[in-house]
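What follows is a short report on a single structure.
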Amino acid sequence: MKRLVLSESEIRKSSLRQGDLLFARRSLVAEGAGRCSVVKQLSEPTTFESSIIRARPDPRKADSDYLYYYFASPQGRELMRTILRQVAVSGIAGSDLAELRIPLPPIVAQRACSAFLALLDDRLDLLRQTNATLESIAEALFKSWFIDFDPVRAKAEGREPEGMDAETAALFPEGFEESELGLIPRGWRWGSLSTFADLNARSWTARRAPSEVAYIDLAGVKANLFDPPQHYTFLEAPSRARRELRVGDTLVGTVRPGNRSFGFIAQAEQGLTGSTGFAVLSPRNPEAAAFTYLCATRDANIERLAALADGGAYPAVRPDLVQQTECVVPTAAVLAVFASLAQPLLNAVAANAARAVSLGEVRDALLPRLVSGRLRLADMAEAHEAAAA
Numbered sequence: 001m002k003r004l005v006l007s008e009s010e011i012r013k014s015s016l017r018q019g020d021l022l023f024a025r026r027s028l029v030a031e032g033a034g035r036c037s038v039v040k041q042l043s044e045p046t047t048f049e050s051s052i053i054r055a056r057p058d059p060r061k062a063d064s065d066y067l068y069y070y071f072a073s074p075q076g077r078e079l080m081r082t083i084l085r086q087v088a089v090s091g092i093a094g095s096d097l098a099e100l101r102i103p104l105p106p107i108v109a110q111r112a113c114s115a116f117l118a119l120l121d122d123r124l125d126l127l128r129q130t131n132a133t134l135e136s137i138a139e140a141l142f143k144s145w146f147i148d149f150d151p152v153r154a155k156a157e158g159r160e161p162e163g164m165d166a167e168t169a170a171l172f173p174e175g176f177e178e179s180e181l182g183l184i185p186r187g188w189r190w191g192s193l194s195t196f197a198d199l200n201a202r203s204w205t206a207r208r209a210p211s212e213v214a215y216i217d218l219a220g221v222k223a224n225l226f227d228p229p230q231h232y233t234f235l236e237a238p239s240r241a242r243r244e245l246r247v248g249d250t251l252v253g254t255v256r257p258g259n260r261s262f263g264f265i266a267q268a269e270q271g272l273t274g275s276t277g278f279a280v281l282s283p284r285n286p287e288a289a290a291f292t293y294l295c296a297t298r299d300a301n302i303e304r305l306a307a308l309a310d311g312g313a314y315p316a317v318r319p320d321l322v323q324q325t326e327c328v329v330p331t332a333a334v335l336a337v338f339a340s341l342a343q344p345l346l347n348a349v350a351a352n353a354a355r356a357v358s359l360g361e362v363r364d365a366l367l368p369r370l371v372s373g374r375l376r377l378a379d380m381a382e383a384h385e386a387a388a389a
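All letters in the sequence shown, in the order written, are residues 1 to 389 by the UniProt record's numbering.
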């Protein structure tokens, strides 16, 4: 491999500094061309490639973060569309970008605006990071108890299970027994998720459908991250909007399952409805809800579904293959204790996600007012206090 060597003039032309704006020069998707980002920190000399346009604002006149948020606003996106060129792919030219006339309030107002929007973004990032941590804790607990059997191994070796009180530890057996698939804790058995959950148990029909549905499509779910549901009258809803959803349900996308279109319903509004592209697992007992979700969506089980998918352009699996996911069947007492630990984690994930949606709606509503100057600094201070509460 040859090392790329640039002359000093080439380095100056292609170097980046903190505060530089970067624009995507072209994209196969119209919305992608002209998308803006801002350079925050650089730990070493950095250059950029020809598919990117660099803009370097004068810090005395324009705040880089303000410009970044401006180009993310409806006004900024509309302005960018005026220079969008359609050839083989959507694209913009640096010369056209340089000619754009952008409304700039005084620099003090720009910095106040970008600081407020950055606060909202920081809170959104914190919620996302918190949720990732909560999910990881729940997944690690499931793996420890039901995949690696750590509490049973500890007792079999004469040790006290780590991080577990004596009452909980007493619920686990002190050894293993043979099963058709290898050693499992004594008194447990090998089964599948069909032991715990019904498959596609509830679907809307013309006779019992609500007047309005809150629809969750396959494209609106990614690894337990949900887009806000789309609201329709039942008669106008997509034909796939048929799965009635309730609290405790697990959704697993059956079309291209490797895309990880899965999620857990911890909160459900009236008329919540899923696509028929989901396999919906409804726990027969509320204490099995967290177990069902964490088992069905383990990486190994999603990879299994992806390997089984067939169908050419739209590779898919039969919904019953999701319900047939293999698992150990612990005692009811162990399952109940696990639910008491894991269910609050999943509920907290859903609550944080709802806060993130509300905060995103606040940001999106304020963004056009901020960049257009219709929101005064005094109003911004009040909104800042409300967002920080």
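Every residue gets a Cβ at the ideal spot worked out from N, C-alpha and C, and that includes glycine. Since the model is a prediction, treat every value here as computed from it, not as a measurement.
CB contact flag (residue i, residue j, <8 Å)
| i | j | result |
| --- | --- | --- |
| aspartate 320 | leucine 124 | no |
| threonine 250 | phenylalanine 234 | no |
| leucine 218 | serine 275 | yes |
| alanine 169 | glutamate 160 | yes |
| alanine 33 | leucine 345 | no |
| leucine 127 | arginine 284 | no |
| residue 436 | leucine 225 | Shown here, the chain extends from 1 to 389; a query on residue 436 therefore has no answer. |
| valine 255 | alanine 296 | no |
Inter-residue CB distance, residue i and residue j (contact presumed, cutoff 8 Å)
| i | j | result |
| --- | --- | --- |
| serine 51 | arginine 85 | Not a contact, Cβ separation roughly 15 Å. |
| alanine 197 | leucine 281 | 4 Å |
| residue 394 | tyrosine 66 | What is shown of the chain runs 1 to 389, which leaves residue 394 out entirely. |
| alanine 279 | valine 252 | 5 Å |
Residue i versus residue j: straight-line alpha-carbon distance, rounded
| i | j | result |
| --- | --- | --- |
| arginine 202 | phenylalanine 291 | 20 Å |
| phenylalanine 146 | glutamine 343 | 16 Å |
| leucine 134 | glutamine 75 | 37 Å |
| valine 38 | tyrosine 68 | 6 Å |
| alanine 332 | leucine 193 | 15 Å |
| serine 358 | arginine 369 | 17 Å |
| leucine 308 | isoleucine 216 | 24 Å |
| isoleucine 92 | alanine 98 | 11 Å |
| alanine 209 | alanine 268 | 16 Å |
| residue 390 | arginine 101 | It is not possible to answer for residue 390, since the shown part of the chain is limited to 1 through 389. |
| phenylalanine 172 | leucine 305 | 31 Å |
Residue i in three-state terms, based on DSSP
| i | result |
| --- | --- |
| tryptophan 190 | strand |
| lysine 222 | strand |
| leucine 4 | Note that leucine 4 has pLDDT 44, beneath the 50 cutoff, so the model's placement of it is unreliable and no number is given. |
| valine 322 | helix |
| serine 15 | strand |
| phenylalanine 234 | coil |
| threonine 168 | helix |
| threonine 195 | helix |
| aspartate 310 | strand |
Given residue i as reference, the closest of the options once Cα atoms are compared
| i | options | result |
| --- | --- | --- |
| arginine 186 | Gly175, Leu366, Ser192 | Gly175 |
| alanine 72 | Arg246, Asp121, Glu44, Ala350 | Asp121 |
| serine 15 | Gly248, Arg304, Glu49 | Glu49 |
| asparagine 347 | Val328, Thr254, Ala62, Val247 | Val247 |
| glycine 191 | Gln41, Leu366, Val328 | Val328 |
| valine 213 | Pro173, Ala279, Leu294, Pro229 | Pro229 |
| glycine 258 | Val322, Ala266, Pro238, Ser239 | Val322 |
| arginine 207 | Gly182, Tyr70, Arg242 | Arg242 |
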